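Residue numbers (the working numbering), protein chains in the order written: chain L, 1 to 548; chain Z, 1001 to 1548.
Each residue gets a CB set at the ideal place from its N, CA and C atoms; glycine is no exception.
Here the structure is a predicted model, which is why all the values come from computation and not from measurement.
Taking it in order: structure first as structure tokens, then the write-up.
Protein chains: 2
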Amino acid sequence: MSGWGRERAARDARIEAGRAHAAGKIVTAANVVALLEAILQPDDRVCLEGDNQKQADCLARGLSQCDPARVHDLHMVQSGIVLPEHLDIFEQGIARRLDYSYSGPQGARIARMLYGGHIELGAVHTYLELFARYFVDLTPNVALIAGVSADRDGNLYTGPNTEDTPTVVEATAFKNGVVVAQVNEIVDRVPRVDIPGDRIDFVVEADRPFYVEPLFTRDPAAMTETQILMAMMAIKGIYAEYGIRRLNHGIGFGTAAIELLLPTYAERLGLKGQIATHWALNPHPTLIPAIESGWVKQVHCFGSEVGMDRYIRERSDIFFTGADGSLRSNRAFCQTAGLYACDLFIGSTLQIDLAGHSSTVTQNRVAGFGGAPNMGSDPHGRRHPSDTWMKAGREAQVTGDPALMRGRKLVVQIVETFGEGLVPAFVERLDALELAHKIGLELAPVMVYADDVTHIVTEEGIANLLLCRTADEREQAIRGVAGYTEIGRGRDRAMVERLRQRGIVRRPEDLGIEPLDADRSLLAARSIKDLVHWSGGLYEPPAKFRNW
Amino acid sequence: MSGWGRERAARDARIEAGRAHAAGKIVTAANVVALLEAILQPDDRVCLEGDNQKQADCLARGLSQCDPARVHDLHMVQSGIVLPEHLDIFEQGIARRLDYSYSGPQGARIARMLYGGHIELGAVHTYLELFARYFVDLTPNVALIAGVSADRDGNLYTGPNTEDTPTVVEATAFKNGVVVAQVNEIVDRVPRVDIPGDRIDFVVEADRPFYVEPLFTRDPAAMTETQILMAMMAIKGIYAEYGIRRLNHGIGFGTAAIELLLPTYAERLGLKGQIATHWALNPHPTLIPAIESGWVKQVHCFGSEVGMDRYIRERSDIFFTGADGSLRSNRAFCQTAGLYACDLFIGSTLQIDLAGHSSTVTQNRVAGFGGAPNMGSDPHGRRHPSDTWMKAGREAQVTGDPALMRGRKLVVQIVETFGEGLVPAFVERLDALELAHKIGLELAPVMVYADDVTHIVTEEGIANLLLCRTADEREQAIRGVAGYTEIGRGRDRAMVERLRQRGIVRRPEDLGIEPLDADRSLLAARSIKDLVHWSGGLYEPPAKFRNW
């Protein structure tokens, strides 16, 4: 039996080494580098917390200042590669290997570094998939996380931006790892305990509050009539037809437009209470008018959104909140909710091919997936029926014993035929495949695979891929909504007309929608200021969204 | 803005009403009925904690003793229907509607009650799927949970059997619900904080410790040579061929036999370190010899197992343990790990049809699914490659752009051709379909669908369904391993031989396995007592497994 217990002993030794730079559990910002050099060891798996929203930025700066002679060859296992320091450490030799999920702003630099051999890539995951591996083969030895406040026992308040933290801490603390939390302030008593103190080894009082990106704020003022038209089609042609109540929205303007049309256009269609009642969604400011109009029953959130905290606090009837009154978000549970409890995922993408595969990867950027592939997939393990899900299943099923009928998740791509810079959204072949070849990825970075996507919405119409019976029909259905792109112009017009007669391709007029009605006056809010008004002054938009 | 905040106010009123029967948060066992009658309201969604392992049995008894005039028409949303009280409350009118996941011992009674109209069924879920709905449309108003101990502030120690508790509490406490915990004892200070006290409203000191079922203990003495032969085939023909490192096992004797052959048969094949290193698994006693022989790197657990606590405590190098030294299990994370981080699920079933659909439902029992459909499904949202997963993907993919190649999860059914009572495991049509028709289920209770299962192992051989290119090939591959069942005797012998030449059907001799070698002497442990010896006396089997 000797030989057992080494991992626990090694953990105790790290903590002992770290204690030299701490007072109890408390570490000053000035001592961060010394602490990290004391507790980290070469080849450690390290989770430096950061996703598409909050960042443990003080600890990121500290890590990037460590001496590469002492701290090197780390294996980073984390949701986001977002801050410059997240990549600096690879150039410095502090880190060597990377497993991650999301990279917005650093997508181009990651691609260059992968191509240059500066990063040994494990894989690009979805959030939930990476969390899963934290418990199996990518368990962190050290977690560097962020919270709002902590007491001297380490009890941690993560507040509205709880996000990934409980998951990261659980995987690390219960497998003999070391957990370091940066907090904005040390307090005598935290407003609520998001993480019990016996899972936190060190608390760093950061030099400034942790950074949060307002990623889910879409300014209604920037919404176009094309986006409004697409939103009308989605509401009438998909939400109403399938009776979609439980859903998740991506972050584009198309879905934000849907949110703003619920209390206006959808209300006139008599859909209140029939659609869009239960959400797995961040607190989108554009959902405020629907909430205030009584459309929304419940919202569970991955994270929070800058400026929404006071509003959420006063809307605990809708949001999940804690004993302190503020939001409790949880990315792992919300991703699980998006996977198994929602009937619809609708999001945007940059490229769609002729089979329906889509990707947000372009020739020079590895953006990462975030949550889209998880929520934009049909979970075969689902066993509860809903009318929405069964209707989609009936449309998809062509043969077989009807007693074995099952449902399908609705996975919708909503895109303008020409995206930003007039780049066509429809392509013969995804750039992702070329990029994968160039930088040596074993698996091409496809966001949603063709066999999961059920509908494509563009300004030209809706393609229902569930009803397609052959690859040829599928291709023509896609071409049939691809507008004036080269893909769209390459359509077989007669076949597209036949698909239209079968309801596989539907134009605005087929849905009883007059494109000229797609007017900005339909938006429940036409500006950020309108959203503030709707909220009764509770929504406090960040400065960059204010022009008053 | 008036009108908002009602949910929080209603919660506060319930707690106020409950306080009349409590001293602070503490409630005596004698006051449970009064407490429940005070806090529950008609039509409440209630989670009465209980899964396939631990049970909040004191609270279940209390609920069943409530006055149906005061507490009625509850909507039960819970993992397990296991105790008689779980169904008594439906007969009494205390509960009306049911959403659940698992029902071992009560499967026959549920079927009768559904048929008699005594239960309004929502759906039969997998665990993870029901957890997902806790955050969307099945959020509990009241959660009745079980822990080992609590302090007077409500800080809860759930210990080795943490299981579903953190998930249930998170969904309830953060959505203005009321949480009542039964504990074995009230203490001054809990050994570790599994749930912070600010999420727990009432603590009931139970009249006896909560019940735990030793569901994952398989006595090696009961293992047959047929099971050993199947285990040898699985190891050599699947584990070795695909290099499976990350995996989950079901609870049958077939998979327990695999565990016991790792340090013997698999070791002789030179597979140590090559297979079965990282697990999402309960602490199966039959895994002890493999752990002690250095085969296992890490195990994350759904729950604990009776008698394994001391052993786990001394093996924190392998298991997830807390600051107090004992196991930290977590069903939600382990199910997520099984879904997204494992390359293989292998389990048993009662019936397999000619397409490969399987079910544990028989004509008179609705057993529920537990976790099998979740782990026994190919997650389309997975984006990280492994050699195992990519090899399976290559075998399955027949057409299409090779640049779009992706992997497949291995989902294996291991069954004897004739099960208990010599009932054939292979059937023309699943009994589940008949039962669904009889009791009016919208969705037939299929455990694993044909499009997810990749291999079937019987004593006659292995059928590799990934390599089948037509429905006909698939049917003959299944018939080809179905032995002397009617399905097996109905095979096209010439075609099965052709499938054998293509490696789709493999006999023991094709794998270089001599059936006569399948001897009990291959088992690393041949009795429960042997397991105790392997554990150095740390494993303490429950009385029913002791014969010394």
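Shown here, T1362(Z) sits in a strand according to DSSP, grouped into three states. Residues are counted here when their Cβ sits less than 9 Å from a Cβ of chain Z; for the segment 111 to 136 of chain L these are G122, A123, V124, H125, T126, L128, E129, L130, F131, A132, R133, Y134, F135, V136, given in chain order. Residues of the same chain with a CB within less than 6 Å of the CB of N176(L), apart from the 5 flanking positions on each side, are E7, R8, R11 in chain order. For I1346(Z), the uninterrupted beta strand (DSSP E) run begins and ends at 1344 to 1347, by DSSP.
Against chain Z, the beta carbon of H437(L) has neighbours under 9 Å at A1403, listed in chain order. Distance from the CA of A276(L) to the CA of V1178(Z), rounded to the nearest whole angstrom, comes to 27 Å.
Put simply, the CB of C47(L) is far from chain Z, with every gap to its CB atoms at 8 Å or more. Only residues of its own chain outside the window of five on either side were considered, and among them A56, C58, L59, A146, V204, A206 have a CB closer than 6 Å to the CB of Q182(L), listed in chain order.
Among the CB atoms of chain Z, one or more fall inside 8 Å of the CB of N176(L). Using beta-carbon distances, Y1211(Z) does not count as an interface residue toward chain L, since no partner is under 8 Å. A Cβ-Cβ distance of about 24 Å is found for the pair G347(L) and Y539(L), leaving them out of contact under the 8 Å criterion.
Assigned with DSSP and collapsed to three states, K236(L) falls in helix. Burial is judged here by how many other beta carbons sit within 10 angstroms of a residue's own beta carbon; Q335(L) has at least 16 and is buried. Residue contact with chain Z for H455(L): absent (no Cβ-Cβ distance below 8 Å to any residue of chain Z). For C334(L), the uninterrupted alpha helix (DSSP H) run begins and ends at 331 to 340, by DSSP. Annotation: the segment 97 to 133 of chain L contains the following complete segments of the alpha helix (DSSP H) (minimum length 4 residues), in chain order: 107 to 115. Around the Cβ of D194(L), a 10 Å sphere holds 16 or more other Cβ atoms; the residue is buried. DSSP lists no beta-bridge partner residue for V296(L). Three or more beta-carbon pairs separated by less than 8 Å are not found between the segment 1183 to 1192 of chain Z and the segment 1246 to 1258 of chain Z, which leaves the two stretches without contact. Residue burial is scored here from C-beta neighbours: L48(L) has at least 16 other C-beta atoms within 10 angstroms and is therefore classed as buried. Residues of chain L whose Cβ lies closer than 8 Å to the Cβ of E1170(Z) are, in chain order, R328, N330, F333. The C-beta separation of Y100(L) from V124(L) comes to about 6 Å, placing the pair in contact by the 8 Å criterion. Taking C-alpha positions only, K25(L) is separated from E420(L) by approximately 49 Å.
DSSP, read as helix, strand or coil, puts S64(L) in helix. Judged by DSSP secondary structure, F253(L) falls within the alpha helix (DSSP H) whose first and last residues are 253 to 261. Against chain L, the beta carbon of H1380(Z) has neighbours under 7 Å at S377, D378, Y449, D452, listed in chain order. L128(L) is positioned such that its CB atom lies closer than 8 Å to that of L339(L). Of all residues in the segment 75 to 98 of chain L, none is placed with a Cβ closer than 9 Å to any Cβ belonging to chain Z. Sequence-distant partners of R1382(Z) (beyond 5 residues in either direction) whose C-beta falls short of 8 Å from its own C-beta, in its chain, are Y1340, W1389, G1407, K1409.
A distance of 8 Å or more separates the beta carbons of I1414(Z) and V1361(Z).
By the CB criterion at 8 Å, V190(L) and N155(L) fall inside the cutoff.
In the three-state DSSP reduction, A1146(Z) falls in the strand class (E or B).
Between A450(L) and A1403(Z), the C-beta gap is not smaller than 8 Å, which leaves the two residues out of contact. Pairwise C-beta distances place the segment 1434 to 1442 of chain Z in contact with the segment 1111 to 1124 of chain Z, as three or more of them are shorter than 8 Å.
Beta-bridge annotation (DSSP): F202(L) is paired with V180(L). Between the C-alpha atoms of A111(L) and A367(L) there is a straight-line separation of about 9 Å.
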